[in-house]
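Positions in the sequence shown are counted from 1; adding 32 to them yields this note's numbering. The beta carbon of each residue, even a glycine, is placed where N, CA and C say it ideally should be. Treat the numbers as computed from the prediction; the structure is a model and nothing was measured.
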Amino acid sequence: MINILTDFACSKKGKWITLVIWLIGAGILISSLPRLDQVQENNQALFLPADAESTNAFELAQEKFPSDGTPTIIVFHNDEGLSNEVFLAERYLTQWLMSTEAPDNIQQVLSPSLSPNLATSLISQDKTTMNIVVEITGEPAESDFSESITIIREQLMRFDSLDVDIAVGGPGGLIVDLVKVFTQIDGFLLIVTILLVLTLLIVIYRSPIVAVIPLIGVAIVFQVAGGIGAWVVDQFSFPISGQTTGIMTVVLFGTGTDYILFITARFREELSKNQDKHIAMHRTMRGVGGAVASAGATILIATGALLLATLRSYQSLGPIIAIAIILMILASLTLIPAALTIFGRNAFWPLQPKFLASNNSEHTANNIYWWIGKYVLRRPRTILGICTITLFIMIGGMTFYQPNYDPLASLPSNTESVRSFELLRKGFPAGDLSPTRIYVQLNNENPITNENTLQQIDSITLDLSNQPSIAGIKGPTRPFGVLNTEDKMVWNENQSNRFVSIDKSVVRLDVVLNTNPYSQQAIDTIPILRNQAKVAASNVGIANESILIGGETAEIHDTRNANNRDSIVVLPLILLAIGFILSILLRSLIAPIYLIATIAITYFATLGLSMTIFKFILDHEGIGTGVAFYLFVFLNALSVDYNIYLMSRVKEEAKRSTLNDAIREALSRTGGVITSAGLILAGTFSALMLLPLQDLFQLGFAVAIGVLMDTFITRTLIVPALISQFGKWNWWPTKINQSQ
Numbered sequence: 033m034i035n036i037l038t039d040f041a042c043s044k045k046g047k048w049i050t051l052v053i054w055l056i057g058a059g060i061l062i063s064s065l066p067r068l069d070q071v072q073e074n075n076q077a078l079f080l081p082a083d084a085e086s087t088n089a090f091e092l093a094q095e096k097f098p099s100d101g102t103p104t105i106i107v108f109h110n111d112e113g114l115s116n117e118v119f120l121a122e123r124y125l126t127q128w129l130m131s132t133e134a135p136d137n138i139q140q141v142l143s144p145s146l147s148p149n150l151a152t153s154l155i156s157q158d159k160t161t162m163n164i165v166v167e168i169t170g171e172p173a174e175s176d177f178s179e180s181i182t183i184i185r186e187q188l189m190r191f192d193s194l195d196v197d198i199a200v201g202g203p204g205g206l207i208v209d210l211v212k213v214f215t216q217i218d219g220f221l222l223i224v225t226i227l228l229v230l231t232l233l234i235v236i237y238r239s240p241i242v243a244v245i246p247l248i249g250v251a252i253v254f255q256v257a258g259g260i261g262a263w264v265v266d267q268f269s270f271p272i273s274g275q276t277t278g279i280m281t282v283v284l285f286g287t288g289t290d291y292i293l294f295i296t297a298r299f300r301e302e303l304s305k306n307q308d309k310h311i312a313m314h315r316t317m318r319g320v321g322g323a324v325a326s327a328g329a330t331i332l333i334a335t336g337a338l339l340l341a342t343l344r345s346y347q348s349l350g351p352i353i354a355i356a357i358i359l360m361i362l363a364s365l366t367l368i369p370a371a372l373t374i375f376g377r378n379a380f381w382p383l384q385p386k387f388l389a390s391n392n393s394e395h396t397a398n399n400i401y402w403w404i405g406k407y408v409l410r411r412p413r414t415i416l417g418i419c420t421i422t423l424f425i426m427i428g429g430m431t432f433y434q435p436n437y438d439p440l441a442s443l444p445s446n447t448e449s450v451r452s453f454e455l456l457r458k459g460f461p462a463g464d465l466s467p468t469r470i471y472v473q474l475n476n477e478n479p480i481t482n483e484n485t486l487q488q489i490d491s492i493t494l495d496l497s498n499q500p501s502i503a504g505i506k507g508p509t510r511p512f513g514v515l516n517t518e519d520k521m522v523w524n525e526n527q528s529n530r531f532v533s534i535d536k537s538v539v540r541l542d543v544v545l546n547t548n549p550y551s552q553q554a555i556d557t558i559p560i561l562r563n564q565a566k567v568a569a570s571n572v573g574i575a576n577e578s579i580l581i582g583g584e585t586a587e588i589h590d591t592r593n594a595n596n597r598d599s600i601v602v603l604p605l606i607l608l609a610i611g612f613i614l615s616i617l618l619r620s621l622i623a624p625i626y627l628i629a630t631i632a633i634t635y636f637a638t639l640g641l642s643m644t645i646f647k648f649i650l651d652h653e654g655i656g657t658g659v660a661f662y663l664f665v666f667l668n669a670l671s672v673d674y675n676i677y678l679m680s681r682v683k684e685e686a687k688r689s690t691l692n693d694a695i696r697e698a699l700s701r702t703g704g705v706i707t708s709a710g711l712i713l714a715g716t717f718s719a720l721m722l723l724p725l726q727d728l729f730q731l732g733f734a735v736a737i738g739v740l741m742d743t744f745i746t747r748t749l750i751v752p753a754l755i756s757q758f759g760k761w762n763w764w765p766t767k768i769n770q771s772q
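Printed below as a string of structure tokens:
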């Protein structure tokens with residue numbers, strides 16, 4: 033099938049037909065399909081496992097509290113204390129928020145001047161910090177919500193003359209700031225990636241034509257893949273995050289350019305052996321077509337394994353990347369050969385390869401990689417020892433591994449929602465930023481209007497208020513918080529009803545933890561709190577299954593558990609899948625084993641080195657959510673390209689020479705291409721480092737380091753040394769070149 037496609041694409045008529053089909057088909061699809069950024073979601077609860085407790089809590093809240101808005105917190109702070117002018121400003125702002133001039137989607141306002149009973153929970157004891165809680169309806173990722181936040185922030189500018197720091201944050205402000213970053217990075221990342229790849233290709237080939245052809249090909253695939261991906265998301269209703277487009281950009285440009293490099297390098301070699309450009313491309317694709325398809329297949333299997341993950345953020349990324357890679361493989365086997373055949377030798381202008389009638393397959397001894405191969409083969413065990421020790425020293429950095437689930441840490445410190453949190457925790461418990469929510473489901477026999485039910489809810493509230501991890505708790509019987517355990521419960525019609533669902537079947541308790549709600553300490557509190565809540569409910573006769581705990585901290589806890597499970601289950605499957613592809617391509621059971629081992633060691637060395645740099649040089653508190661997981665997926669799936677390209681060439685050369693000669697010849701023929709491909713792939717991922725999100729910076733940095741490590745150490749030194757040591761056993765159970 034591959035040969036049929038490539039033979040047609042590089043034939044005299046086929047090359048033009050292929051080009052026209054691609055251009056017309058791409059034009060129709062791009063113009064008729066939606067864009068990927070139009071179907072993105074940024075609500076973390078949508079990406080949790082379907083059976084997670086916080087997911088059930090989120091779905092219950094949407095059903096029973098549909099009018100609940102997302103809390104947005106306006107914080108006022110002055111280290112010396114708030115002046116009377118600031119309190120007047122708060123009164124004015126509250127009146128404006130309640131007026132028709134304010135955004136229509138403001139659901140509720142809680143402020144000291146509007147709700148004096150809440151003053152103790154809205155103004156710090158030292159009078160240095162005050163906040164207004166504004167609940168805004170709608171999805172925070174939607175434009176109406178973000179416009180409301182923008183209007184509120186603009187309104188606060190009239191208080192710039194006051195001696196007070198003011199910032200808008202809370203969950204609403206945080207999500208808006210994250211979405212704003214995501215919407216800005218896609219175009220920026222695309223431009224940076226294109227410029228970077230173009231520069232590297234011009235430096236490598238010193239030809240503008242052969243540098244532009246890959247970019248045009250990948251750009252066409254990028255647009256088509258985005259449209260098809262958006263259509264699939266819309267049809268099958270699965271969520272994709274704001275990071276998806278950015279990750280697809282770097283993966284597609286990195287892998288696509290690599291595949292095209294493999295083709296152009298071999299095409300240039302064949303042009304020096306064949307006068308007819310059609311024959312040269314025919315032999316090129318017969319030589320590398322299978323390797324390109326196999327390299328793409330490994331990524332497809334790796335991304336396919338993501339469907340077995342429980343985190344829907346991992347699940348949804350798999351199909352999007354798979355669509356892009358399938359199209360890129362198809363383009364590499366049809367569009368690119370057709371375009372290069374049309375240009376022929378002119379593709380490499382001004383350094384066109386000349387036809388050398390006497391040219392054959394002899395090695396080029398002046399090639400630096402031939403000399404590297406000669407040196408490695410002279411001392412293979414020494415090379416293996418030095419490289420292995422070096423990599424294991426890097427692996428030692430894993431002792432600093434510390435995951436960080438705090439979205440605030442990912443944003444720049446000058447982001448307003450981050451500043452808001454810093455101001456808030458100067459006067460209030462850090463948990464005020466995002467309370468954990470406990471939902472108590474009532475049965476028809478015990479409605480909330482029943483005095484006994486109120487007593488049960490109040491008993492749960494008081495029991496939990498005594499827990500050391502809880503700074504405060506509010507509910508229908510304590511709408512202003514538990515000020516004193518000796519106080520009797522209070523039912524305030526205006527305030528208590530906000531904790532009860534419209535149909536009176538569910539009660540909500542808002543729990544403020546005494547630490548940063550995104551910290552490890554807070555996350556570790558969730559299972560304890562779940563147990564405490566169920567014990568408190570059991571003590572008053574309420575069934576455990578009636579209790580659900582949600583909120584951002586609970587969602588992060590469930591995300592962490594799912595991420596740990598997926599790392600244990602999915603990642604080993606990816607390695608096995610890659611090994612399976614290698615065994616089929618090489619028809620060997622031995623070589624795939626040590627190749628997989630080198631991939632795994634390179635991954636852990638990369639992660640260890642990255643953690644050391646993040647901690648001691650960049651002063652990061654930890655590694656972002658999913659970075660280690662994505663690093664494994666991409667580093668293993670992408671670096672196997674170089675394994676396939678090198679090993680397939682070694683096997684090809686070994687059929688007509690000794691193994692050592694085959695290794696040297698394969699290195700001399702592929703070393704430059706692998707190095708160039710590695711530099712481009714590392715360059716495309718390093719583009720993520722220019723983005724203002726720490727998680728994406730870390731992912732880009734780690735993948736770039738890993739690719740360079742794989743290119744210059746693993747593939748250039750370790751693998752050739754291993755091939756020489758295994759000798760004829762490399763190809764077991766098949767046999768080639770028995771004279772070895």
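Could you name the residues that DSSP lists as bridge partners for residue i?
i, result
"residue 109", "161 and 197"
"residue 104", "166"
"residue 540", "471"
"residue 506", "542"
"residue 208", "DSSP output for residue 208 lists no bridge partner at all."
"residue 320", "DSSP, once it has assigned bridges, lists no residue as partnering residue 320."
"residue 436", "656"
"residue 620", "765"
Determine, using beta carbons only, whether residue i and residue j come nearer to each other than 8 Å.
i, j, result
"residue 424", "residue 241", "no"
"residue 278", "residue 712", "no"
"residue 627", "residue 675", "yes"
"residue 357", "residue 272", "no"
"residue 200", "residue 104", "yes"
"residue 591", "residue 343", "yes"
"residue 544", "residue 507", "no"
"residue 540", "residue 140", "no"
"residue 764", "residue 588", "no"
"residue 670", "residue 739", "yes"
"residue 456", "residue 450", "no"
Assuming residue i and residue j form a contact by the criterion Cβ under 8 Å, report the distance between their Cβ atoms to the nearest whole angstrom.
i, j, result
"residue 145", "residue 126", "5 Å"
"residue 581", "residue 468", "6 Å"
"residue 197", "residue 109", "5 Å"
"residue 602", "residue 340", "6 Å"
Residue i: which of the options sits nearest, CA to CA?
i, options, result
"residue 478", "513, 434, 538 and 361", "538"
"residue 370", "742, 54 and 433", "54"
"residue 72", "542, 269 and 201", "269"
"residue 677", "662, 325 and 741", "325"
"residue 774", "212, 105, 289 and 311", "In the structure as shown, the chain begins at 33 and stops at 772. Residue 774 is therefore absent and cannot be evaluated."
"residue 249", "315, 359, 297 and 719", "359"
"residue 470", "585, 429 and 362", "585"
"residue 112", "566, 158 and 446", "158"
"residue 594", "82, 175 and 188", "82"
"residue 402", "511, 682 and 762", "682"
Which same chain residues end up closer than 7 Å to residue i when comparing Cβ atoms and leaving out the 5 residues on each side of it in sequence?
i, result
"residue 749", "408, 415 and 419"
"residue 722", "224"
"residue 572", "488, 491 and 492"
"residue 217", "278 and 723"
CB-CB under 6 Å to residue i, same chain, minus the five flanking residues each way: which ones, in chain order?
i, result
"residue 396", "Per-residue confidence for residue 396 stands at a pLDDT of 49, beneath the threshold of 50, marking its modelled position as unreliable; the derived number appears in the next sentence. Once the five neighbours on either side are set aside, the close Cβ partners of residue 396 are 700."
"residue 355", "257, 260 and 261"
"residue 68", "258, 261, 262 and 277"
"residue 46", "40"
"residue 736", "714, 717 and 718"
"residue 434", "654"
Within a Cβ cutoff of 8 Å, which residues of the same chain sit near residue i, ignoring the five residues on either side of it in sequence?
i, result
"residue 181", "104, 168, 200, 204, 205 and 208"
"residue 234", "240 and 243"
"residue 122", "108, 143, 144, 145, 162 and 164"
When you measure from the CB of residue i to every non-hydrogen atom of the ligand ZN, does any distance come out below 7 Å?
i, result
"residue 702", "The ligand ZN is absent from the structure shown, which contains no ligands of any kind."
Is residue i close to chain C? Criterion is C-beta to C-beta, closer than 8 Å.
i, result
"residue 276", "You won't find chain C in this structure, because it holds only one protein chain."
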